[in-house]
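There are 4 protein chains.
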Amino acid sequence: MGKSVSVIGGDLRIIYLVEMLAKDGFNVYTYGLEKAEKLQNINNVFNCKNIEECIKKSKLVISSIPLCKDENLIKSPFSNKDILIKDVTKCLENKIFIAGSIPQDLYNLQQETNFEIIDLIKCEELAILNSISTAEGTIQIAMEETDFTLHGSNILILGFGRIGKVLSKMLNSIGANVYCEARKSEDLAWIETYGYNPVPLSKLNDSLSDKNIIINTIPSLILDENRLKLIKKDSLIIDLASKPGGVDFEIAKNLGIKVIWALALPGKVAPFSAGECIKQTIYNEIKDKKIF
Amino acid sequence: MGKSVSVIGGDLRIIYLVEMLAKDGFNVYTYGLEKAEKLQNINNVFNCKNIEECIKKSKLVISSIPLCKDENLIKSPFSNKDILIKDVTKCLENKIFIAGSIPQDLYNLQQETNFEIIDLIKCEELAILNSISTAEGTIQIAMEETDFTLHGSNILILGFGRIGKVLSKMLNSIGANVYCEARKSEDLAWIETYGYNPVPLSKLNDSLSDKNIIINTIPSLILDENRLKLIKKDSLIIDLASKPGGVDFEIAKNLGIKVIWALALPGKVAPFSAGECIKQTIYNEIKDKKIF
Amino acid sequence: MGKSVSVIGGDLRIIYLVEMLAKDGFNVYTYGLEKAEKLQNINNVFNCKNIEECIKKSKLVISSIPLCKDENLIKSPFSNKDILIKDVTKCLENKIFIAGSIPQDLYNLQQETNFEIIDLIKCEELAILNSISTAEGTIQIAMEETDFTLHGSNILILGFGRIGKVLSKMLNSIGANVYCEARKSEDLAWIETYGYNPVPLSKLNDSLSDKNIIINTIPSLILDENRLKLIKKDSLIIDLASKPGGVDFEIAKNLGIKVIWALALPGKVAPFSAGECIKQTIYNEIKDKKIF
Amino acid sequence: MGKSVSVIGGDLRIIYLVEMLAKDGFNVYTYGLEKAEKLQNINNVFNCKNIEECIKKSKLVISSIPLCKDENLIKSPFSNKDILIKDVTKCLENKIFIAGSIPQDLYNLQQETNFEIIDLIKCEELAILNSISTAEGTIQIAMEETDFTLHGSNILILGFGRIGKVLSKMLNSIGANVYCEARKSEDLAWIETYGYNPVPLSKLNDSLSDKNIIINTIPSLILDENRLKLIKKDSLIIDLASKPGGVDFEIAKNLGIKVIWALALPGKVAPFSAGECIKQTIYNEIKDKKIF
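Residue numbers (my numbering), protein chains in the order written: chain R, 29 to 320; chain Y, 29 to 320; chain X, 29 to 320; chain W, 29 to 320.
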């Protein structure tokens, strides 16, 4: 079968990924990317007539992150075709299927049709690498939406997970006064160790009034009405938490506090790097499988 | 005369400055800022009928940076009136006149009309503080104009003056591979000491081909045709050098290299902080004069 | 009973702790610290005649870290007395007993004699805070044992746990070229994210030959004969791993490679800070118990 | 004459320099280094019988930094011989003579005997590179002489010259709270820009009482009796200023404040790196002379 990969659907990150895989010497067989101009003049990237032909070319089948547009269709913004999930799955026998947020019913299919699933959204490595793009995207938004410099401003980060760690490091080194909220005493010890200002959840309310920017990474309603009322009107809130988000947007609006809800930043602010991260993660995930 | 300041013309930075001076307890008498809404409801900011009335209120007279719109007029974007420089100067007796890029003929006037001039553009302190906004503005542009993260990218900075120093520090700490070009062996020693990659001018040409972003701070044509031809087509060039700039824009365009010519960033990306810097500089400039 | 604490035995860190607790307003009742001069003139520190008297004064009983000198005795370098563990435990009814590396049989005693145990060595918070002192102590040793600057030198850190994280951050910011070895792809992703050079275990051998300093934090024999033979004779190895250590010391010696085995650094290089960390951890551990 | 260098006298840094020059392919002819064991088995390092023979071998003649032991003799700790300065100068015709702190009378000699002088102590590049070793040496001393971690401690640096700049960067990134004293408003603006706490000389006295470590780089008596009385008894003072130093040592002693007067650190803490810096500086100094 040679050194080949099949790719079905996906957004700009996947297009960069295809370009990189081709550059690394793979023959890349694509379906559902026909509108991606930059792929059209690459010798070892092939546009397949149909799903079956595309998939049978390779052991490895890569698809969209997230996989689904809706319960039936695969996300494929660079295609005019509707790509049915079931049309893909029925060809997956003995394949390794790599995509993001893969729904449970595909896992159920693994028994009958024998194939392997790698869900990139579950890969810690990718999540960490993506936090760089997310952090930079957040900094870009903070710069665009304020009339002051980050240097010398008071910035509070809610949550000290992956994004909190990367963001606090970058903001601190730009010269901001960085405050990090966390629940666990371990996280607070890390915040202290890294030289930021630790804010235990119990003291959060006392810490809201003098912040110029507040960035939330916690996927639950932490900035509720009571807390929003403690925040300066001219503060900027950036919410990085996936739906339903961590801010009561309605209340914030009524209070006249600007809130930017920024989701899926890696694909938006740095699709090339996002593609690189996906590539690196896939290489690490398959390196023990000796398929090439 | 009490604790008062007169302000004539100026852009958004001056409006923020007026707001801060008022907050610090000064009575601020303004002329040529009547379109600045945010000043209209501040108790101790007064909109004067004419220049003479405005100036006679204070020992300190602050005007635009730069002072001149053309050889006759003062820059006053927040006014519909034409403010003649000579109408201001004729009232300056015994005053301290603070503005930016003040033309020579005002210095000549000092003899006859007895007044003192402080040109903010000549204040090293302000130039240093402004380099923070310039650096952050440059980072914002770099983030907006690229599809990759600054983290992990190769960035070359031409010139290791004030802006080069601040910019290299910030970019390095975000995770970029920072290269700094300089002529003097002292500067190259500093670049090494700070942990960046020193690029002597003599080796510049060998260092151009693998850079993702090149930022120029040198006010002379350093990126000429020969050098531009050594740069990757998909590199981004940001030129921070004042007119005529350091890049042959015509050639770059023909070569298909994207160049952003970014001037006067502080006032654009962080007018509030720019106002703060101006305030701090003025306070330091006058602190020995015991006028308040 | 008032705001009081009982302290039995312990080293210099405990003496600093007692001093700080007294400063914070506690009456501190001590036994087995009679040789600590700096405690003798503090008003609210009391030297007790015997264990029973000492313990009954407080709800909180703090002892040595580690607790035991041998299976029978409590570690008490600042006392001439032998302090039997069983003489302490028999008085612990209804007390909270705080010490380090507390042996299992004390846990077994909890049923009959009703008391609570807090083992500080099991507190993640303390371990993190201690990693600062360990990192600084390691840097001090590296500076003392070499004739070159850390700035510009190649330093490899084995293991990316707590100490690896803090140490790499400090060394990197001093200007060293920092390489970090790790097994897990997540850790390698973090190393990349923080801007150090990731070294997968599989590639460790290729990375040994050009390092000036190698610091081990892994508690298993990672630097065996094969690997030691790949290291430059004039390299410095610092082993931070507790017994049996991560280096074949015999072989290293024969090869003429200098190895420093540095254990328990916090108490040695920064006993004051170590005491502070213990205090902060104890305060956090008991804050929900409402005993004061 | 081939690629050769002559070296006369000098300390451990010069010995490392000779080793490096030999490694770079120079034939190195030495006089007054006969006790340096590590040079004895290097093929292209030659121990000369007398000064004249040594010097005539090369265009380039390198000697001690500083040059003089007293008004007549060259500093040569690795020799049992007395090396008279005049015995060297009389052979220097048409040579380039490189050493440190070269006395005026040698400059006067240049007319009659025609030779060129390069005083390394006057080379800004070397001074900058040496500030790295000085900064690391200072950090080592601070770690050795305190029982607390630099992380989290309050450190005041007097003077923001070369050493102040490098030291504040390193200490800040280790996690200390860094305060920098300076006179000029430009320097204070830089201190602010780099994210440290600026202390104008006029406010120095208010800033002394809460510092754990005070490091002086100013070559004049700044810590006099009045200021020393404002410093905590348990503070550590490190004076890096060359004789007569910046501290009233007598008063400090009476007040019971520990003062370490640390001079010529590069040669002591990192002679290898010091040798490297000397080499790099010499290479840059002669590169335009086309002598090799």
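For each residue, glycine too, the CB sits at the ideal point set by N, CA and C.
Computed from a predicted structure; not experimentally measured.
Self-check item: Residues of its chain near Y:ILE70, where Cβ-Cβ distance is below 6 Å and the 5 sequence neighbours each way are ignored
Solution: What you label residue 70 of chain Y is simply residue 42 of the second sequence in a count that begins at 1. Only ALA50 meet the Cβ criterion.
Practice problem: Consult DSSP for Y:LEU137 and reduce its assignment to one of helix, strand or coil. | Solution: Position 109 of the second sequence, counted from the start, is the residue given in the question as residue 137 of chain Y. DSSP places Y:LEU137 in helix when its eight states are reduced to three.
Self-check item: Contact set for W:SER235: own chain, Cβ-Cβ below 8 Å, skip 5 residues either direction
Solution: Position 207 of the fourth sequence holds residue 235 of chain W. These residues qualify, in order along the chain: LEU184, TYR207, GLU209, VAL227.
Quiz item: Do W:ASN182 and W:LYS118 have their CB atoms nearer than 8 Å?
Solution: Your numbering for residue 182 of chain W matches position 154 in the fourth sequence. Your numbering for residue 118 of chain W matches position 90 in the fourth sequence. In this structure, W:LYS118 does not lie closer than 8 Å to W:ASN182 by Cβ.
Practice problem: Measure the beta-carbon distance from W:LEU264 to W:THR162 and round it to whole angstroms, keeping in mind my assumption that it falls under 8 Å. | Solution: Counting from one through the fourth sequence, the residue named residue 264 of chain W turns up at place 236. Counting from one through the fourth sequence, the residue named residue 162 of chain W turns up at place 134. Rounded to the nearest angstrom, the Cβ distance from W:LEU264 to W:THR162 is 17 Å, too far for a contact under 8 Å.
Quiz item: Can you tell me the Cα-Cα spacing of W:VAL46 and W:ASN75, whole angstroms?
Solution: Indexing the fourth sequence from 1 puts residue 46 of chain W at position 18. Indexing the fourth sequence from 1 puts residue 75 of chain W at position 47. Going from the Cα of W:VAL46 to the Cα of W:ASN75 covers about 12 Å.
Practice problem: Can you give me the Cβ contacts of Y:LEU249 inside the same chain, cut-off strictly under 7 Å, excluding the 5 residues immediately before and after it? | Solution: Within the second sequence, residue 249 of chain Y is the residue found at index 221, counting from 1. GLY274, ASP276.
Self-check item: For Y:SER248, three-class secondary structure by DSSP
Solution: The residue given as residue 248 of chain Y occupies position 220 in the second sequence. DSSP, reduced to helix, strand and coil, places Y:SER248 outside both helices and strands of the structure shown, so it counts as coil.
Self-check item: N- and C-terminal bounds of the alpha helix (DSSP H) containing X:PHE277
Solution: In the third sequence, the residue the question calls residue 277 of chain X occupies position 249. Residues 277 to 283.
Quiz item: Exposed or buried, what is W:GLY284 when buried is set at 16 or more other beta-carbons lying within 10 Å of its beta-carbon?
Solution: By one-based count along the fourth sequence, residue 284 of chain W stands at place 256. Answer is exposed; the Cβ neighbour count stays below 16.
Quiz item: Residues in the stretch 209 to 222 of chain W with C-beta within 8 Å of chain Y's C-beta atoms, listed in sequence order?
Solution: SER213, GLU214, LEU216, ALA217, TRP218, GLU220, THR221, TYR222
Self-check item: Neighbourhood of R:MET29 by C-beta distance below 6 Å, restricted to the same chain and skipping five residues each side
Solution: For this step, residue 29 of chain R is matched to residue 1 along the first sequence. In this predicted model, R:MET29 has a pLDDT of only 42, less than 50, meaning its place in the structure is not dependable; the value taken from the coordinates is given anyway. So the list is empty, once near-sequence residues are dropped.
Practice problem: Less than 8 Å between the CB atoms is what I'm expecting for W:THR309 and W:CYS151, so what's the real figure, rounded? | Solution: Indexing the fourth sequence from 1 puts residue 309 of chain W at position 281. Indexing the fourth sequence from 1 puts residue 151 of chain W at position 123. Contact flag correct, Cβ pair sits at about 5 Å.
Practice problem: Name, please, each residue of chain W whose Cβ falls closer than 8 Å to the Cβ of X:LEU178. | Solution: Numbered from its first residue, the third sequence carries residue 178 of chain X at position 150. Think of a sphere of 8 Å around the beta carbon of X:LEU178: the chain W residues whose beta carbon falls inside it are GLU164, in chain order.
Quiz item: R:GLY203 CB to nearest chain W CB: under 8 Å?
Solution: Against the first sequence, residue 203 of chain R aligns to sequence position 175. With 8 Å as the cut-off, R:GLY203 counts as an interface residue toward chain W.
Quiz item: List, in order along the chain, the chain X residues whose C-beta lies closer than 8 Å to that of R:ASN225?
Solution: Against the first sequence, residue 225 of chain R aligns to sequence position 197. What R:ASN225 touches in chain X: nothing, since even the nearest Cβ is about 15 Å away.
Quiz item: Do we get a CB-CB distance below 8 Å when we pair R:SER159 with the residues of chain X?
Solution: Taking the first sequence and counting its residues from 1, the one referred to as residue 159 of chain R is at position 131. Yes, R:SER159 counts as interfacial toward chain X.
Self-check item: At least three beta-carbon pairs within less than 8 Å, the stretch 210 to 229 of chain X to the stretch 163 to 176 of chain X
Solution: no
Exercise. In the DSSP assignment, find the alpha helix (DSSP H) that holds X:CYS208 and state where it starts and stops.
Key: Counting from 1 along the third sequence, the entry for residue 208 of chain X is found at position 180. Note, X:CYS208: premise wrong, no alpha helix (DSSP H); beta strand (DSSP E) at 205 to 210.
Quiz item: Can you list the residues of chain Y that R:ALA298 reaches, using a CB-CB cut of under 8 Å?
Solution: Position 270 of the first sequence, counted from the start, is the residue given in the question as residue 298 of chain R. Simply THR174, ASP175, PHE176, THR177.
Practice problem: Compute the beta-carbon to beta-carbon distance between W:ASN122 and W:GLY187, rounded to the nearest angstrom, for a pair I have assumed lies under 8 Å. | Solution: Taking the first residue of the fourth sequence as position 1, residue 122 of chain W is located at position 94. Taking the first residue of the fourth sequence as position 1, residue 187 of chain W is located at position 159. Contact doesn't hold; Cβ gap of about 42 Å is too wide.
Quiz item: In chain order, what residues of the same chain have a beta carbon less than 7 Å from the beta carbon of W:PRO247, not counting five sequence neighbours either side?
Solution: The residue labelled residue 247 of chain W in the question sits at position 219 within the fourth sequence. The answer, listed in chain order, is ALA269, SER270, GLY274.
Practice problem: Within 10 angstroms of the Cβ of X:LYS318, are there 16 or more other Cβ atoms? Answer buried if so, exposed if not. | Solution: As a position in the third sequence, residue 318 of chain X is number 290, starting the count at 1. With fewer than 16 Cβ atoms within 10 Å of its Cβ, X:LYS318 is classed as exposed.
Practice problem: Go through its chain and collect everything with a Cβ distance to X:ASN142's Cβ below 8 Å, but skip five positions before and after it. | Solution: Counting from one through the third sequence, the residue named residue 142 of chain X turns up at place 114. Cβ within range, chain order: GLU121, ASN122.
Self-check item: Residue span of the beta strand (DSSP E) that contains Y:THR58, given as start and end
Solution: On the second sequence, residue 58 of chain Y is found 30 positions in, with the first residue counted as 1. Per DSSP, Y:THR58 is one residue of the beta strand (DSSP E) stretching across 55 to 59.
Exercise. Output the distance between the C-alpha atoms of W:VAL297 and Y:LYS87, rounded to the nearest integer angstrom.
Key: Position 269 of the fourth sequence, counted from the start, is the residue given in the question as residue 297 of chain W. Position 59 of the second sequence, counted from the start, is the residue given in the question as residue 87 of chain Y. Going from the Cα of W:VAL297 to the Cα of Y:LYS87 covers about 57 Å.
Exercise. Under 8 Å by Cβ, that's how I've got W:SER230 and W:VAL194 pegged, so tell me the actual separation to the nearest angstrom.
Key: Along the fourth sequence, one-based indexing puts residue 230 of chain W at 202. Along the fourth sequence, one-based indexing puts residue 194 of chain W at 166. W:SER230 to W:VAL194, Cβ: 25 Å. No contact.
Self-check item: chain R contact for X:ASN312 (CB, 8 Å cutoff)
Solution: Your numbering for residue 312 of chain X matches position 284 in the third sequence. Yes, its Cβ sits closer than 8 Å to a Cβ of chain R.
Self-check item: Where the stretch 179 to 200 of chain R meets chain X: residues whose CB sits under 9 Å from a CB there
Solution: ARG190, LYS193, VAL194, LYS197
Quiz prompt | Cross-chain neighbours of W:MET48 in chain X, by beta carbon under 8 Å | solution = In the fourth sequence, residue 48 of chain W corresponds to position 20, counting from 1. Chain X residues near W:MET48: none, gap ~12 Å exceeds 8 Å.
Exercise. Using three-state DSSP, classify W:CYS119 as helix, strand or coil.
Key: Taking the first residue of the fourth sequence as 1, we reach residue 119 of chain W at position 91. If DSSP states are grouped into helix, strand and coil, W:CYS119 belongs with coil.
Quiz item: What's the C-alpha gap between X:GLU164 and W:ALA204?
Solution: The sequence position of residue 164 of chain X within the third sequence is 136, counting from 1. The sequence position of residue 204 of chain W within the fourth sequence is 176, counting from 1. Distance between the alpha carbons of X:GLU164 and W:ALA204: 12 Å.
Self-check item: X:ILE202 in three-state terms, based on DSSP
Solution: Translated into positions along the third sequence, residue 202 of chain X becomes position 174. Here X:ILE202 sits in helix by DSSP.
Quiz item: Any C-beta of chain W sitting closer than 8 Å to the C-beta of X:GLN168?
Solution: For the purposes of this step, residue 168 of chain X is taken as the residue at position 140 of the third sequence. Interface residue, yes.
Quiz item: Are R:GLY60 and R:LYS109 touching if we call contact CB-CB under 8 Å?
Solution: For the purposes of this step, residue 60 of chain R is taken as residue 32 along the first sequence, with counting starting at 1. For the purposes of this step, residue 109 of chain R is taken as residue 81 along the first sequence, with counting starting at 1. Closer than 8 Å, so yes.
Self-check item: Spatial neighbours of W:CYS305 in its chain, beta-carbon cut-off 7 Å, leaving aside the 5 residues before and after
Solution: Indexing the fourth sequence from 1 puts residue 305 of chain W at position 277. Correct list, in chain order: LEU154, LEU157, ASN158.
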